[in-house]
Amino acid sequence: MNKLALLSALCSPLAIAGPITQIEIENNTVLFSTSSMAPSSVACVAEDKNQLRSISLDSHSGRAMYSLLITAVAKQQAVAVTSAQDCADLAGVERVQSLRLAPNTSAGNSNARSIGLYASDGITRIGTLVDTAHYKNSAYDSGQYRWTYIDNEGGVDYKTLTISYNNADLQFEYSGCRGRQGLSTHGVPVYHHGKYIMGDKNAPFTSSADRSAQNYSCFNRQDKTSYEIIETEHPICGAGLCLVKED
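Using mature numbering (1 follows the signal peptide of the UniProt record, and there is no 0), the letters of the sequence shown map in sequence onto residues -17 to -1, 1 to 230.
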């Protein structure tokens, strides 16, 4: 080993493993701390942030380490961290070069459970949950549910499942919101008032009116192509929304 490699190894110690006590995301950077984490001695670290460590979500390795952090929280496992000896991710916070999960031998850990993502039947397990988000547009009574997860298929990154919901944006065949109801797209399930609907690509028609997404009033407009609504199921979640629960 040359002198530079030896110096790097000596300056990048592996911290004593400990359970996670804090985790948050600032912009696109994960900040976390563990119960065994000593105050950082890296020169660039701010005094009020010396017990935090950072991981960037802009890289594959950073996202992989974030997945390990979420797994550690779910399974109550300890985490050991190797320092990168800089603050390249976020000013004032020590950057993590690598981390590993370590068995948590504290009492009570035998009851630790992971958090799973399940189909709407509550039985079919899709994967282990990494993150969940809900984006809501109240003015238009619409939005998206998003679940990030890992499963046993393996891969270089985690998987993301997104479901859009819309409780108002319907198109009608005739003025006055009469006749067949349709959507502007086809083949993509939309969660609508507790069930999935989608436009049927084999049943296009000319629509002349929309129902307002803000106050549910009807307004007439120029003709355009719509696709007749059919009921369906989501190919992964099933008849309803996916569920998050302890395994």
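Ideal Cβ placement from N, Cα and C applies to all residues, glycine included.
These numbers come from a predicted model, not from an experiment.
Quiz item: Nearest to N203 by alpha carbon, out of Q154, D31, Y141, A47?
Solution: In the sequence shown, residue 203 corresponds to position 220, counting from 1. That would be Q154, whose Cα lies nearest to the Cα of N203.
Self-check item: Own chain partners of R78 with C-beta closer than 7 Å, once the 5 adjacent residues on each side are dropped
Solution: Indexing the sequence shown from 1 puts residue 78 at position 95. Cβ neighbours of R78 beyond the five flanking positions: S37, A67, D69, C70, A71, D72.
Quiz item: Assuming G75 contacts V28 under a Cβ cut-off of 8 Å, what Cβ separation, rounded to an integer in Å, is found between them?
Solution: In the sequence shown, counting from the first residue as 1, residue 75 sits at position 92. In the sequence shown, counting from the first residue as 1, residue 28 sits at position 45. Correct: roughly 6 Å between the Cβ atoms.
Quiz prompt | Straight-line Cα distance separating A57 from S103 | solution = Residue numbering aside, residue 103 sits at position 120 when the sequence shown is read from its first letter. Residue numbering aside, residue 57 sits at position 74 when the sequence shown is read from its first letter. If you take the alpha carbons of S103 and A57, they lie about 21 Å apart.
Quiz item: Near A222, what residues of its chain come up, given a Cβ to Cβ distance below 7 Å and the 5 sequence neighbours on each side ignored?
Solution: By one-based count along the sequence shown, residue 222 stands at place 239. For A222, where only same-chain residues beyond five positions count, the Cβ hits under 7 Å are S103, E216.
Practice problem: State the Cα-Cα distance for the pair L35 and T189, rounded to the nearest angstrom. | Solution: Residue mapping note: residue 35 aligns to position 52 of the sequence shown, counting from 1. Residue mapping note: residue 189 aligns to position 206 of the sequence shown, counting from 1. L35 and T189: Cα-Cα distance of roughly 59 Å.
Quiz item: Out of curiosity, what's the CA-to-CA distance linking S125 and Y210?
Solution: Start at 1 with the first residue of the sequence shown, and residue 125 comes out as number 142. Start at 1 with the first residue of the sequence shown, and residue 210 comes out as number 227. Between S125 and Y210, the C-alpha separation is close to 19 Å.
Exercise. Would you mind stating whether H175 and Y199 have Cβ atoms separated by less than 8 Å?
Key: Counting from 1 along the sequence shown, the entry for residue 175 is found at position 192. Counting from 1 along the sequence shown, the entry for residue 199 is found at position 216. It is not a contact, given that the beta carbons lie outside the stated cut-off.
Quiz item: What does a CB cutoff of less than 6 Å around R46 pick up in its chain, not counting 5 residues either side in sequence?
Solution: Looking up residue 46 in the sequence shown gives position 63. Same-chain partners within the cutoff: L40.
Exercise. Whole angstroms is fine: what's the gap from V173's alpha carbon to Y179's?
Key: Along the sequence shown, read from residue 1 onward, the residue named residue 173 stands at position 190. Along the sequence shown, read from residue 1 onward, the residue named residue 179 stands at position 196. Roughly 5 Å between the two C-alpha positions.
Quiz item: Start and end of the beta strand (DSSP E) containing L100?
Solution: Here residue 100 corresponds to residue number 117 of the sequence shown, with the count starting at 1. Its beta strand (DSSP E) spans residues 98 to 101.
Self-check item: C-alpha distance - G1 paired with S23, whole-angstrom precision
Solution: Reading the sequence shown from its first residue, position 18 is the one you call residue 1. Reading the sequence shown from its first residue, position 40 is the one you call residue 23. So the two alpha carbons sit approximately 15 Å from each other.
Practice problem: From the DSSP output, read off the bridge partner residues of E229. | Solution: Along the sequence shown, read from residue 1 onward, the residue named residue 229 stands at position 246. Answer is I98, bridged to E229.
Self-check item: Alpha-carbon spacing of R194 relative to L224, whole angstroms
Solution: As a first step, residue 194 is located in the sequence shown; it is residue number 211 there, counting from the start. As a first step, residue 224 is located in the sequence shown; it is residue number 241 there, counting from the start. If I take the Cα positions, the gap works out to 25 Å.
Quiz item: Exposed or buried, what is K32 when buried is set at 16 or more other beta-carbons lying within 10 Å of its beta-carbon?
Solution: Taking the first residue of the sequence shown as position 1, residue 32 is located at position 49. Within a 10 Å sphere around the beta-carbon of K32 sit 16 or more other beta-carbons, which makes this residue buried.
Exercise. Give the range of the alpha helix (DSSP H) segment to which V56 is assigned.
Key: Counting from 1 along the sequence shown, the entry for residue 56 is found at position 73. If you look at V56, you'll find it in the alpha helix (DSSP H) that goes 43 to 58.
Quiz item: For T131, is the classification buried or exposed, using 16 other Cβ atoms within 10 angstroms of its Cβ as the cut-off for buried?
Solution: Here residue 131 refers to the residue found at position 148 of the sequence shown. Result: buried.
Quiz item: Buried or exposed: which applies to A90, given that a residue is buried once 16 or more other Cβ atoms fall within 10 Å of its Cβ?
Solution: Translated into the one-based positions of the sequence shown, residue 90 becomes position 107. For A90, the predicted structure reports a pLDDT of 43, less than 50, and the residue's modelled location is therefore unreliable. The matter cannot be settled from this model.
Self-check item: Helix, strand or coil at A90 [DSSP, three-state]
Solution: Here residue 90 is taken as the residue at index 107 of the sequence shown, counted from 1. Only weak support exists for where A90 lies, its pLDDT of 43 falling under 50; the coordinates are left without a value.
Quiz item: Comparing alpha-carbon positions, which option in R129, I212, A192 lies nearest D206?
Solution: In the sequence shown, residue 206 corresponds to position 223, counting from 1. Ranking R129, I212, A192 by Cα distance to D206 puts A192 first.
Practice problem: Could you check how far apart the C-beta atoms of T168 and P187 are, in whole angstroms? I think they sit under 8 Å. | Solution: For this step, residue 168 is matched to residue 185 along the sequence shown. For this step, residue 187 is matched to residue 204 along the sequence shown. In fact, because the Cβ distance is near 11 Å, the residues do not count as touching under 8 Å.
Quiz item: What is the DSSP secondary structure of S16, reduced to helix, strand or coil?
Solution: For the purposes of this step, residue 16 is taken as residue 33 along the sequence shown, with counting starting at 1. Note: S16 maps to strand in three-state DSSP.
Quiz item: Where does the unbroken beta strand (DSSP E) through T115 begin, and where does it stop?
Solution: To locate residue 115, count along the sequence shown from 1; it is residue 132. Element bounds for T115: 108 to 120.
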